[in-house]
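Everything below concerns the one structure shown next.
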Amino acid sequence: MDSDKLLNLAVSLGCLLAESGAEISRVEESVYRLLNAYGGEGAQVFAIPSCLIVSLTAEDGRPVTRMRRIGAHGTDIELLEACNALCRRLCRTVPPLAEARALVDRLPGSCRRHRPATVLLGYAAAPAFFCPLFGGGFWDALSALFCGLVVGTCLLFGDKWLGRNSFLRTLVCSGVASLLSLLLVRAGLGRNVDVVTIGVLMLLVPGVALTNAMRDLVAGDTYSGLSRTAEAILIATGIALGAAVGLGVGQIL
Amino acid sequence: MELFFQYLLPCLCAFAGCIAFTLVFNIHGPGKLIAGCGGGLGWLVYLLVGRTILAGFFAALAISLFSEIMARIRRCPVTGYQLVALLPLVPGGGIYYAMRYCLEGDTERFLSTLLDTLGMAAALAVGVILASSLFRTAFPLLLRVRDAAGRRQP
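Quick mapping for you: the protein sequence lines, in order, are chains W and S. Under the numbering used here, the residue at position 238 of the first sequence is numbered 1665, and the numbers go up by one with no gaps. Under the numbering used here, the residue at position 148 of the second sequence is numbered 1280, and the numbers go up by one with no gaps.
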């Protein structure tokens, strides 16, 4: 058993899991099970949303540790399910390390993804369907559809100008959403500015961060839970600030 | 007819909205339907209990139980279904109205809306925490009971 290769394999799989949006307890448990299945001795795993540390005892008794910084988090449920299934399979069948390594490396590329046009359709349809929940009528839903289309375009293709800073991105998108809703209602398409804006803002609300924070807290990962709660509060602040800017600009126009 | 506009239509909207969100979060296959049903179910509970913070708590409880059960059946991570189904309940409106009252200088309504928003977020959180903890404790027991019954029968 080559403990260096095993360590690299485990860290890669753990990172993929964390980046696709898994809870911290799932990342830790998956890596731990994988190490145990391959007979790694003295396996220790520690993860927080931005970092993964895995430690093992090598054959000659030396402790080996690898730390990896986890980059930006997305939410990619299909990749998450694929990683989870692969981890179960590796633990059950225990193929040679080189083969397992190839399977893990192939995972992100072979995962099914929706085409950008389909994702954009999702971004447009979600606010349109959420509008009636907050008391909007047909015309409000239609304006929310247009706003959702524009905000979705910003979210999908705006990486170049907005950078990877999620606070700034949320702020700008929220500003665009509220300004556009105001303009569409003034143009006579929508009936109620508040309803249309709220419908579109549902695209940006920190539902993912909130749910993940709670799941981490339940599992006993207080650090991760707190850091994700902070993320949720930050996103909510970004939404409020952006919407305020959008409304302000709209009233001046 | 009243029943249709009061309960059925909003639930259908929540269902469709959640399905639209599955496109954004890259959920494929039966997961789409599960997430959508979770969203519809959550909104139904929210409406039936009466659109209060307590209703948010019960809705989060229902959604979490539903998605935990579905995830165990499909042997998949529960996160995807749960977070999509919870989205309609996240207080986006509260954030918006709090911001507006703050801008208008209406401190009283700003504070009450802010507290209401925080309360709703906390209710969702407590609902999720309670359901997940209950499920974590109860599920192994259920499995053991089923295994024991299975062993006795053949």
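Heads up, the beta-carbon is just placed ideally off N, CA and C, and yes, glycines get one too. Quantities reported herein were computed from a predicted structural model and do not represent experimental measurements.
- Judged by DSSP secondary structure, residue 1162 of chain S falls within the alpha helix (DSSP H) whose first and last residues are 1162-1181.
- Closest in alpha carbon position to residue 1504 of chain W, among S/1194, S/1153, S/1157, is S/1157.
- For the C-beta of residue 1220 of chain S, the chain W residues within less than 8 Å are, from N- to C-terminus, 1557, 1560, 1629.
- The Cβ atoms of residue 1176 of chain S and residue 1139 of chain S sit closer than 8 Å to each other.
- For the segment 1612-1649 of chain W, the full-length alpha helix (DSSP H) segments reaching 4 residues or more read 1620-1628, 1634-1645 along the chain.
- Taking 4 residues as the shortest admissible run, the segment 1215-1284 of chain S contains the following complete alpha helix (DSSP H) segments, listed from N- to C-terminal end: 1224-1236, 1239-1284.
- Going by DSSP, residue 1546 of chain W is part of the alpha helix (DSSP H) stretching over 1543-1557.
- Those residues of the segment 1158-1169 of chain S placed with their C-beta closer than 8 Å to a C-beta in chain W are 1158, 1159, 1160, 1163, ordered along the chain.
- Taking the C-beta atoms as reference points, residue 1609 of chain W is found nearer than 8 Å to residue 1677 of chain W.
- Below 8 Å, too few C-beta pairs join the segment 1561-1578 of chain W and the segment 1634-1648 of chain W to call them touching: fewer than three.
- For a Cβ distance threshold of 9 Å, residue set 1225, 1228, 1229, 1232 of chain S lies close to residue 1621 of chain W, ordered along the chain.
- Within chain W, the C-beta atoms nearer than 8 Å to that of residue 1265 of chain S come from 1645, in chain order.
- Residue 1430 of chain W is positioned such that its CB atom lies no closer than 8 Å to that of residue 1472 of chain W.
- Residue-level contact by beta carbon fails for residue 1239 of chain S and chain W, as no gap is shorter than 8 Å.
- Between residue 1220 of chain S and residue 1453 of chain W, the C-beta spacing is not below 8 Å.
- When the Cα atoms are used, residue 1599 of chain W and residue 1231 of chain S turn out to be separated by approximately 16 Å.
- With contacts defined by Cβ atoms closer than 8 Å, residue 1594 of chain W and residue 1673 of chain W do not form a contacting pair.
- For residue 1494 of chain W, there is no enclosing alpha helix (DSSP H); the enclosing beta strand (DSSP E) covers residues 1490-1496.
- The beta carbons of residue 1507 of chain W and residue 1444 of chain W sit about 7 Å from each other, so the pair counts as a contact at 8 Å.
- Residue 1248 of chain S sits close to residue 1226 of chain S, with the two beta carbons spaced by under 8 Å.
- CA-to-CA, the gap between residue 1558 of chain W and residue 1235 of chain S works out to about 23 Å.
- Between residue 1538 of chain W and residue 1460 of chain W, the C-beta gap is not smaller than 8 Å, which leaves the two residues out of contact.
- Bridge partners of residue 1471 of chain W according to DSSP: W/1482.
- Counting of Cβ neighbours within 10 angstroms places residue 1520 of chain W among the exposed residues, the total staying below 16.
- Around residue 1152 of chain S, the beta-carbon contacts reaching into chain W at under 7 Å are 1549, 1552, 1553, 1556.
- In the three-state DSSP reduction, residue 1528 of chain W falls in the helix class (H, G or I).
- With its beta carbon less than 8 Å from one in chain W, residue 1253 of chain S belongs to the interface.
- In this structure, the CA atom of residue 1552 of chain W is about 44 Å from the CA atom of residue 1434 of chain W.
- Excluding sequence positions up to five before and after residue 1534 of chain W, its CB lies within less than 8 Å of the CB of 1443, 1506, 1509, 1510, 1513, all in the same chain and listed in chain order.
- Within chain S, no residue has its beta carbon less than 8 Å from that of residue 1492 of chain W; the closest one is some 27 Å off.
- For residue 1504 of chain W, the uninterrupted alpha helix (DSSP H) run begins and ends at 1504-1520, by DSSP.
- Cβ proximity to chain S below 8 Å picks out 1448, 1449, 1450, 1453 from the segment 1445-1459 of chain W.
- Counting the other Cβ atoms within 10 Å of the Cβ of residue 1280 of chain S gives fewer than 16, which makes it exposed.
- Annotated three-state conformation of residue 1450 of chain W is coil, per DSSP.
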